[in-house]
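Notes for the one structure printed next.
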Amino acid sequence: MKFSASTPEDYINQLPVERKKVIEQLRATIRKNLPTTFEEQLSYGMLGYVVPHAVYPSGYHVNPALPLSFINLASQKNYIALYHSGIYADNGLMSWFVQEYPKHTAQKLDMGKSCIRFKKIDDIPYQLIGELCTKMSAKSWIEIYEQHIKNNNN
């Protein structure tokens, strides 16, 4: 779903009521648990949590004008999506998440490389998402990004 928003609040205010409540709760969970070095902003037309240029001046290697993205949250047509770049880049984190997921919800894990899809919005494992947000610092994300993503794409 495309939204023309200029702030995270503007994005949320455009959502249907049932989606708005879920996105607000996920947003609160992320903001409560994510290390403070990350900043919230609109990123790729979604809520984004990025490593700001003040911390990582190089930015995203494909477009250095953009800060280094870490987590994105979006209301898609048929699901809520949480994109977590750390899961994509860190096999240990991915394994941890896959093992923990069934302990927190009866829903089957629906996941792509970095995208966790929540089709049943009444059974989202908020506690697990909160814990996931604590697992990687901005410094760790930068190191993994430079080692496994940036240097492999040049």
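To convert, note that position 26 of the sequence shown is 26 in UniProt numbering; the numbers rise steadily by one, no gaps. Heads up, the beta-carbon is just placed ideally off N, CA and C, and yes, glycines get one too. All of these numbers come straight from a predicted model, not from anything done at the bench.
Of the listed residues the options, nearest to residue i (C-alpha basis)
i, options, result
"Val-55", "Pro-125, Pro-67, Gln-41", "Pro-67"
"Val-73", "Gln-41, Asn-33, Lys-32, Ile-144", "With the sequence shown as reference, residue 73 is identified as Leu, and Val is not the correct amino acid for it. Checking every option, the nearest Cα to that of Leu-73 belongs to Gln-41."
"Ile-129", "Gly-86, Lys-20, His-53, Pro-64", "Gly-86"
"Asn-91", "Tyr-145, Lys-32, Ala-5", "Tyr-145"
"Lys-139", "Gly-59, Thr-37, Ser-43, Leu-132", "Thr-37"
"Leu-132", "Gly-45, Ser-43, Leu-93", "Leu-93"
Assigned secondary structure, residue i (DSSP; H/G/I helix, E/B strand, else coil)
i, result
"Val-17", "helix"
"Met-136", "coil"
"Val-50", "strand"
"Asn-72", "strand"
"Leu-109", "coil"
"Tyr-44", "coil"
Classification of residue i by the beta-carbon crowding that lies within 10 angstroms, buried from 16 upward
i, result
"Thr-29", "buried"
"Ser-69", "buried"
"Tyr-44", "exposed"
Cβ neighbours of residue i in the same chain (closer than 6 angstroms, five flanking residues each side left out)
i, result
"Arg-19", "Ser-75"
"His-148", "Ala-89"
Other residues of its chain near residue i: CB distance less than 8 angstroms, five sequence neighbours each side excluded
i, result
"Pro-125", "Tyr-101, His-104, Thr-105"
Same chain, Cβ closer than 7 angstroms to residue i, neighbours up to 5 away in sequence not counted
i, result
"Tyr-83", "Ile-71, Asn-72, Ser-114, Cys-115"
"Glu-24", "Ile-12"
Residue i - containing alpha helix (DSSP H), residue span
i, result
"Glu-100", "91–104"
Start-to-end residues for the beta strand (DSSP E) that takes in residue i
i, result
"Ala-5", "First-last for Ala-5: undefined, no H or E at that position."
"Tyr-60", "That residue, Tyr-60, is in no beta strand (DSSP E); it is neither H nor E in DSSP."
"Ser-114", "Looking at the DSSP string, Ser-114 is not in any beta strand (DSSP E), and its letter there is neither H nor E."
"His-84", "80–84"
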